[in-house]
Amino acid sequence: MARAFVGGLFACALAAPDAVAQLRGTGDLGVVIERAKGRVQVVDTTARTVLGTVDGLGDLSHASVVYSRDGRYAYVFGRDGGLTKVDLLERKIARRVMQAGNSIGGAVSQDGRVVAAQNYVPGGIKLFDAVTLELLADIPSAPGPDGQRSKVVGLADAPGQRFVASLFDAGEIWVIDARDPRAPKVERFRDAGRQPYDGLVTPDGRWYLAGLFGEDGLSLLDLWHPERGVRRILPGYGKGEEKLPVYKMPHLRGWAIAGGYAWLPAIGRHEVLVVDTRDWREVARVPVAGQPVFVIARPDGRQVWVNFAFPDNGRVQVVDTETRAVAATLEPGRAVLHMEFTPRGEEVWISARDDHRVVVVDTATLKTVATLASDSPSGIFFTSRAARMGF
Amino acid sequence: MNAARPLLLAAALAAMAAVAPALGEAGPGASAEAVASVADPDPARQRELLVLLRQDCGSCHGMRLTGGLGPALTPEALRTKPAESLAATIVHGRTGTAMPPWRRFISEAEADWLVARMFDGATDVDTR
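Structure (structure tokens):
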């Protein structure tokens, strides 16, 4: 009896390593885009390590990622129109389709069943089954002034199985009802501002905000009341002053809503605009080190982190949301392209493209706690996005 | 492509001739060849320019120059475009579009050199 028991224990011990190694959650995982290699690194934010890489994703020179709602699969949108579903646990490609000639990103529906891609060429939005990547609907965009289909920017998910996007060339905002994803309904908002370059949905899913490149101001749509139409906020924030050159387009995605205020990159100005989300009026401006690209709130809203366009892309600034002033300037490496907070924000991962590393910084002490080697890293995307609206 | 070449060469030479005296590196007696070799960026700068093209122009035009918010810059896409206007667009930007002026970072001669590389499709560079 005793012998059989010992034998049983021994068998367990033998079987255990494999089974335990395979059984794990994905809540502390994520991917780092290695843009020049067409590859992603699968990373563990608890151990601060690279678990492995997944290759063969095509042109990732501009890539963005959304997650399945179980947090297991990363949908990677490549510049060349490739849409790749990457299995973080098995670290391999689960599905891959070439869905356009030139693409910029995508979104996942509220129920997680539909993946939407936003494309530049041919301009439009495509809906896919999240499990199989089967094409469900193809929604061509409206033509811009040159007669070509508009490039689609700022695609975001919204409550009610909707997607919202902006048309860069046509200057429109579209709300797409995808409750029947094979027969989506499009509501068009014309005259939504000149050259919207990106958009965001607020954390509560109520407001869609499009940044405008072609004019000073932003466009706002109340998704609770789309019948009220698009309205302009912060019109003429440059007040006729000559714009500084913009060497990289800012990105709005990634919430920068903190403490009831929206923190937004100004275009052609080295400033972050602070807007009260109750009345959408400007309340302050924070002078910063360059043209902001990403302005991202730490999940608790106590800090806003900002990175910059060329040639000021070696710096990252931390804005104190209470004093509305820059509290610290960091130099994590050359060509900082992206920042991603751990799920509750105690650390932030920063990609330094030209130093080929990802730097992990403690957001309380601002000390570097880890450095990971990475080949031309760009976007960093953690699975905590799976549960957040607008990500 | 063939049609563009002589024009390109002429534009490049004209630009080099214009820049060279200012640089003080080519005397009045210098031959066209000598001027061209002096005005070409040195190898280290050539590499910097190609990295800039891939990485920073690539923000809008794609790292593989296949286009993005900005148009494609592949040899096929540029075939019908006059070289001098492309170089001018790099240096001065294009009003009403998202193309900024790069004159703070790229000289006219360097812009001509970059445009010639784009026409050739010889823009590969190891970014490591």
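Heads up: the protein sequence lines correspond to chains H and L, in order. Residues 45 to 435 in my numbering are what the first sequence spells out, letter by letter. Residues 624 to 751 in my numbering are what the second sequence spells out, letter by letter. Quick reminder that beta carbons are idealized off the backbone N, C-alpha and C, glycines included.
Practice task
In angstroms with no decimal places, state the Cα-to-Cα distance between L/A662 and H/A118.
Solution key: In the second sequence, the residue the question calls residue 662 of chain L occupies position 39. In the first sequence, the residue the question calls residue 118 of chain H occupies position 74. Between L/A662 and H/A118, the C-alpha separation is close to 48 Å.
Problem - Residue from H/R329, H/W307 and H/K292 with nearest C-alpha to H/R342 - result: Along the first sequence, read from residue 1 onward, the residue named residue 342 of chain H stands at position 298. Per the Cα distances, H/W307.
Practice task
Can you grab the Cα-Cα spacing for the pair H/L244 / H/S210, in whole Å?
Solution key: Counting from one through the first sequence, the residue named residue 244 of chain H turns up at place 200. Counting from one through the first sequence, the residue named residue 210 of chain H turns up at place 166. Each residue's Cα considered, the two are about 10 Å apart.
Handout entry: Start and end residues, beta strand (DSSP E) containing L/V714
Key = In the second sequence, residue 714 of chain L corresponds to position 91, counting from 1. Where L/V714 is concerned, there is no enclosing beta strand (DSSP E), although the alpha helix (DSSP H) it sits in stretches over A706 to H715.
Problem - For H/W324, three-class secondary structure by DSSP - result: Reading the first sequence from its first residue, position 280 is the one you call residue 324 of chain H. Three-state result, H/W324: coil.
Exercise for the section: With 9 Å as the threshold, decide whether the Cβ of L/L730 is near any Cβ in chain H. Expected result: Indexing the second sequence from 1 puts residue 730 of chain L at position 107. For clarity, residue 730 of chain L is Ser in the given sequence; the question names Leu instead. Not an interface residue.
Problem - For L/H715 and H/M142, the rounded distance between their alpha carbons - result: Translated into positions along the first sequence, residue 142 of chain H becomes position 98. Translated into positions along the second sequence, residue 715 of chain L becomes position 92. H/M142 and L/H715: Cα-Cα distance of roughly 36 Å.
Exercise for the section: Decide yes or no for the touch test of the region 119-136 of chain H against the region 718-738 of chain L: beta carbon pairs closer than 8 Å, at least 3 of them. Expected result: no
Practice task
Count the other CB atoms, across all protein chains shown, that sit within 10 Å of the CB of L/H684; report buried if there are 16 or more and exposed otherwise.
Solution key: Looking up residue 684 of chain L in the second sequence gives position 61. The residue in question, L/H684, is buried, as its Cβ has 16 or more Cβ neighbours within 10 Å.
Exercise for the section: With 8 Å as the C-beta to C-beta threshold (strictly closer), list the residues of the region 675-700 of chain L near chain H in chain order. Expected result: Q678, D679, G681, S682, C683, G685, M686, R687, T689, G690, G691 and L692
Handout entry: Length of the line joining the Cα atoms of L/F728 and H/T176
Key = The residue given as residue 728 of chain L occupies position 105 in the second sequence. The residue given as residue 176 of chain H occupies position 132 in the first sequence. When rounded, the distance between both Cα atoms is 47 Å.
Practice task
Indicate whether at least one CB of chain L lies closer than 9 Å to the CB of H/K292.
Solution key: As a working note, residue 292 of chain H is residue 248 in the first sequence. So, interface residue.
Exercise for the section: For H/A430, name the three-state secondary structure that DSSP assigns. Expected result: In the first sequence, the residue the question calls residue 430 of chain H occupies position 386. The answer is helix: DSSP assigns H/A430 an H, G or I state.
Handout entry: Members of the region 141-153 of chain H near chain C, C-beta cut-off 9 Å
Key = Considering every chain present, this structure includes no chain C. Its protein chains are H and L.
Problem - Neighbouring residues, chain L, relative to H/V318 (Cβ below 7 Å) - result: Numbered from its first residue, the first sequence carries residue 318 of chain H at position 274. The contacting residues do not exist; H/V318 stays about 25 Å from chain L at best.
Exercise for the section: Assign H/H382 to one of three DSSP states: helix, strand, or coil. Expected result: The residue given as residue 382 of chain H occupies position 338 in the first sequence. Here H/H382 sits in strand by DSSP.
Problem - Paired residues, beta bridge with H/Q162 - DSSP - result: To locate residue 162 of chain H, count along the first sequence from 1; it is residue 118. Paired residues: H/G149 and H/I169.
Problem - Amino acids of chain H, ordered along the chain, whose beta-carbon sits closer than 7 Å to that of L/T750 - result: The residue you call residue 750 of chain L lines up with position 127 of the second sequence. Residues of chain H passing the Cβ test: A80 and S420.
Practice task
Alpha carbon to alpha carbon, how far is H/T412 from L/P705? Give it in angstroms, no decimals.
Solution key: As a first step, residue 705 of chain L must be located in the second sequence, where it is residue number 82. As a first step, residue 412 of chain H must be located in the first sequence, where it is residue number 368. When rounded, the distance between both Cα atoms is 49 Å.
Problem - With 16 other Cβ atoms within 10 Å as the buried cut-off, status of H/L67 - result: By one-based count along the first sequence, residue 67 of chain H stands at place 23. Under this definition H/L67 is an exposed residue.
Exercise for the section: Could you tell me the distance, in whole angstroms, from the CA atom of H/F354 to the CA atom of H/S422? Expected result: Reading the first sequence from its first residue, position 310 is the one you call residue 354 of chain H. Reading the first sequence from its first residue, position 378 is the one you call residue 422 of chain H. Between H/F354 and H/S422, the C-alpha separation is close to 14 Å.
Practice task
With 8 Å as the C-beta to C-beta threshold (strictly closer), list the residues of the region 87-107 of chain H near chain L in chain order.
Solution key: D103, S105 and H106
Handout entry: Length of the line joining the Cα atoms of H/M383 and H/I424
Key = As a first step, residue 383 of chain H must be located in the first sequence, where it is residue number 339. As a first step, residue 424 of chain H must be located in the first sequence, where it is residue number 380. Using only the alpha carbons, I get a separation of about 7 Å.
Exercise for the section: Inspect the CB distances between the region 207-225 of chain H and the region 149-169 of chain H and report whether three or more fall short of 8 Å. Expected result: These segments touch.
Problem - Helix, strand or coil at L/D747 [DSSP, three-state] - result: Here residue 747 of chain L refers to the residue found at position 124 of the second sequence. Correct three-state label for L/D747: coil.
Problem - Residue-chain proximity (H/A379, chain L), Cβ-Cβ < 9 Å - result: Along the first sequence, read from residue 1 onward, the residue named residue 379 of chain H stands at position 335. Chain L, which has a Cβ nearer than 9 Å to the Cβ of H/A379, makes this yes.
Exercise for the section: Count the other C-beta atoms from every protein chain shown that fall within 10 angstroms of the C-beta of H/R388, then say buried if there are 16 or more, exposed otherwise. Expected result: In the first sequence, the residue the question calls residue 388 of chain H occupies position 344. When all chains shown are included, H/R388 counts as exposed.
Problem - Candidates H/G71, H/A214, H/G126 and H/P166, of which the one nearest H/P189 by Cα - result: Counted from its first residue, the first sequence places residue 189 of chain H at position 145. Among H/G71, H/A214, H/G126 and H/P166, the Cα nearest to that of H/P189 belongs to H/A214.
Exercise for the section: Using beta-carbon positions only, say whether H/P166 and H/G191 come within less than 9 Å of one another. Expected result: For the purposes of this step, residue 166 of chain H is taken as residue 122 along the first sequence, with counting starting at 1. For the purposes of this step, residue 191 of chain H is taken as residue 147 along the first sequence, with counting starting at 1. No, the Cβ-Cβ distance between H/P166 and H/G191 is not below 9 Å.
Exercise for the section: Please confirm if H/V196 has its CB atom under 9 Å from at least one CB of chain L. Expected result: As a working mapping, residue 196 of chain H is identified with position 152 in the first sequence. Taking Cβ atoms only, chain L never reaches closer than 9 Å to H/V196, which makes this a no.
Problem - Proximity of H/V337 and H/P294 at Cβ, strictly below 9 Å - result: Counted from its first residue, the first sequence places residue 337 of chain H at position 293. Counted from its first residue, the first sequence places residue 294 of chain H at position 250. Yes, Cβ-Cβ distance for H/V337 and H/P294 is below 9 Å.
Practice task
Could you name the residues of the region 700-719 of chain L whose beta carbon sits closer than 9 Å to any beta carbon of chain H, in the order they occur along the chain?
Solution key: G716 and G719
Exercise for the section: Compare the beta carbon distance of H/G273 and H/F212 with 9 Å and say whether it is the shorter of the two. Expected result: Position 229 of the first sequence, counted from the first residue, corresponds to residue 273 of chain H. Position 168 of the first sequence, counted from the first residue, corresponds to residue 212 of chain H. Cβ distance not < 9 Å, so H/G273 and H/F212 don't count as in contact.
Problem - H/V370: CB within 8 Å of a non-hydrogen atom of the ligand FAD - result: Within the structure as shown, the ligand FAD is missing, as the structure has no ligands at all.
Problem - CB-CB length for L/V674 against L/V748, believed under 8 Å - result: What you label residue 674 of chain L is simply residue 51 of the second sequence in a count that begins at 1. What you label residue 748 of chain L is simply residue 125 of the second sequence in a count that begins at 1. That belief holds up - the Cβ atoms of L/V674 and L/V748 are roughly 6 Å apart, short of 8 Å.
Practice task
Grab me the residues of H/D398's own chain with a C-beta within less than 6 Å of its C-beta, minus the 5 sequence neighbours each way, in chain order.
Solution key: Position 354 of the first sequence holds residue 398 of chain H. Within the same chain, and ignoring the five residues on either side of H/D398 in sequence, the residues whose Cβ sits closer than 6 Å to its Cβ are R378 and A379.
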